[in-house]
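Reviewing the structure listed below.
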Amino acid sequence: MNNFSKVLLATDLSPASGRLTDCLFELCPDTGTEVALVHVLDDDEDVDPHSTGYRQKQSRLKRCEDELNKAGYEHTSIMLPVGEPIERINEIADALDIDLAMLASHGKGFIRSTLLGSTTFDLARMANYPLFIDKLHHGNKEGKSLLETVLVPTDFSRESLAALGVIRNLREHIGEVIFVYVIEKSRNAEDLREQREKAELKLAELVEEIKIFGVEGRARVAKGTPSKQLQRIAAEADASLIVIAKTGAGLVKVLPLGSTAQNLALNTDRPLLLLPDVEDN
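So the sequence shown is numbered by the numbering used here: it starts at -15 and just counts up by one.
Next comes the structure, spelled out in structure tokens:
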């Protein structure tokens, strides 16, 4: 089963944003996937279809489409809407009823600037679809698969376990999954020990569950500030992707507003796949 059969790939057309295409190939290996390539025009000089700037951007977007077609993705389209980028992306995503939106946080243009402010979190709040944010971290090895080491933070809520569906459907391409539970508070040493033991048992169940899919897994339990611990573990494990629920109790509650997920999204140098509310999805 294909997790993502309709994808919106938003590009700023910078050389760095070209990595999004490789991420698409890994997250959506089914070449029957429908892909809408979108570049939002927000420069008055480029909105005229007869202008040189517009034609150049259209030509570059067409080259991206040709690359996808050569790779076997035949159901493609290109769009150059005008307006505020995040608003237009969300409008198009809803109109096309997409399963995944893909953005890049590196390179020139609107994607870089929006990720430095609150706009990305506005999109995450509005979105009722998975949102992938690519981040070209300094430790990224040339040719390393996006799915080589997948980090999955969980608080054991239904929302945080939505990642299991993604793992199951991409099981043939995933190298390893690391489930992480962070103990934020404890009353005393005994309470900490009990919380750790309970978490280890639940994490062991998750590891055994994905083994049924044929995916290797391991578990980590940490104590401290969740966002800092997740970043530390992601760096130690050299995680290639973090899959995290947008909402849920505790650890990942209300992504656009919760300090843990907001700090993680802003400060991690790892690619992120943000999953929507279970009811929305």
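Yeah, the Cβ is synthetic: ideal placement off N, Cα and C, and Gly gets one too.
- Around the beta carbon of Val66, fewer than 16 other beta carbons sit within 10 angstroms, so the residue counts as exposed.
- For Lys41, DSSP records no beta bridge to any residue.
- Straight-line measurement puts the Cα of Val205 at about 19 Å from the Cα of Thr252.
- Contact between Val(-9) and Ile62 is ruled out by a C-beta separation of about 13 Å, above the 8 Å threshold.
- Contact between Val161 and Gly198 is absent: CB atoms are separated by about 11 Å, not below the 8 Å threshold.
- Where Ile70 is concerned, the enclosing alpha helix (DSSP H) starts and stops at Pro69 to Leu80.
- When only Cα atoms are considered, Lys186 and Pro33 end up about 57 Å apart.
- Note that the C-beta distance between Leu131 and Glu10 is below 8 Å.
- The C-alpha of Leu25 is placed about 6 Å away from the C-alpha of Leu64.
- If the five residues before and after Leu80 are omitted, its C-beta is found closer than 7 Å to the C-beta atoms of Lys(-10), Leu(-8) and Ala20, all from its own chain and listed in chain order.
- In the displayed model, Pro210 falls within a helix according to three-state DSSP.
- Sequence-distant Cβ neighbours of Ala218 in its own chain, meaning closer than 8 Å and more than five residues away, are Leu135, Ile226, Thr252 and Arg254.
- In this structure, the beta-carbon distance from Leu214 to Val166 falls below 8 Å.
- Scanning its chain for C-beta atoms nearer than 8 Å, with the 5 sequence neighbours on each side dropped, one finds around Val31 the residues Leu25, Tyr38 and Val66, in chain order.
- With contacts defined by Cβ atoms closer than 8 Å, Lys230 and Leu256 do not form a contacting pair.
- Residue environment analysis places Glu178 among the exposed positions, since fewer than 16 neighbouring C-beta atoms fall within 10 angstroms of its C-beta.
- Following the DSSP letters along the chain, one finds Asp118 inside the beta strand (DSSP E) bounded by residues Leu115 to Asp118.
- Ala88 sits in a strand when the DSSP states are folded into three classes.
- Contact check for Val191 against Ala203 passes: the beta carbons are separated by less than 8 Å.
- Contact annotation: Gly56 and Thr15 have beta-carbon atoms nearer than 8 Å.
- Excluding its 5 nearest sequence neighbours in each direction, Lys195 has C-beta neighbours in its own chain below 8 Å: Gly201, listed in chain order.
- DSSP, read as helix, strand or coil, puts Arg202 in strand.
- About 21 Å separates the Cβ atoms of Lys128 and Ser(-2), ruling out a contact at the 8 Å cut-off.
- In the three-state reduction of the DSSP assignment, Ser144 falls in the helix class, which pools H, G and I.
- Under the three-state reduction of DSSP output, Ile158 falls in the coil class, being neither helix nor strand.
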